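Shown next, in structure tokens, is the structure this report addresses.
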Amino acid sequence: MQTLTIDPYYLKTTLLELLAIPSPAGLTEEIVRYTARMLDNLDIPYQLTRRGTIRATLRGNRAQAGLGPDCAIVAHLDTLGAMVREVKPNGRLALAPIGTWSSRWAEGGCVTLFTESGRHRRSVVPLLASGHVYNEAVDTQPANWDQLARSETPLPDAGELAHRRRGIVSRG
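Each residue of the sequence shown is one higher than the one before, starting from 488 at the first, in our numbering.
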């Protein structure tokens with residue numbers, strides 16, 4: 488069996504570059520281009536599917552001898568994501584997960600909100616986030632996707648966002 492030599496600098500650099508590319512479900516073009524470029528650099532053949540995914544083939548010794556594949560690897564290029572289900576009257580957001588994952592993993596996380604006007608950083612917090620305000624209710628509330636995304640810079644309220652969709656920006 489042949490021993491694989493790993494270049495730790497290359498591995499670390501590549502992982503840091505991959506992790507720096509925002510890739511929520513539905514917005515994976517940049518990370519697909521990056522990955523395709525890396526596969527080109529390594530002379531690994533690949534195809535882009537109609538759905539925007541990559542299928543790469545790196546033949547091992549067994550495959551070259553006609554004995555079938557050595558192994559198969561499947562990985563996701565997109566990151567866990569959520570969609571804005573509703574803009575609340577106060578400008579806060581109600582979220583819905585993309586895919587199946589627990590809200591427990593999102594709670595307390597920093598997220599990037601992708602909008603037509605750019606990217607905005609937010610925190611995902613439960614409805615009852617403050618122990619000094621809600622006391623024991625913080626520990627007894629259900630863990631589900633009835634969460635709010637909020638930040639130091641609030642979004643416009645729902646009425647203003649509705650005007651923006653029509654091309655009207657109201658400045659109070």
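The beta-carbon is built from N, C-alpha and C at its ideal position, and this holds for glycine as well.
Since the model is a prediction, treat every value here as computed from it, not as a measurement.
- Considering only THR536, ARG537, THR522, the residue with the shortest C-alpha distance to ASP530 is THR522.
- The three-state secondary structure of HIS563, taken from DSSP, is coil.
- A distance of 8 Å or more separates the beta carbons of ALA616 and SER590.
- Cβ neighbours of GLN551 within its own chain (closer than 8 Å, five residues either side excluded): none.
- The Cβ atoms of VAL571 and GLU594 do not sit closer than 8 Å to each other.
- The three-state secondary structure of LEU535, taken from DSSP, is strand.
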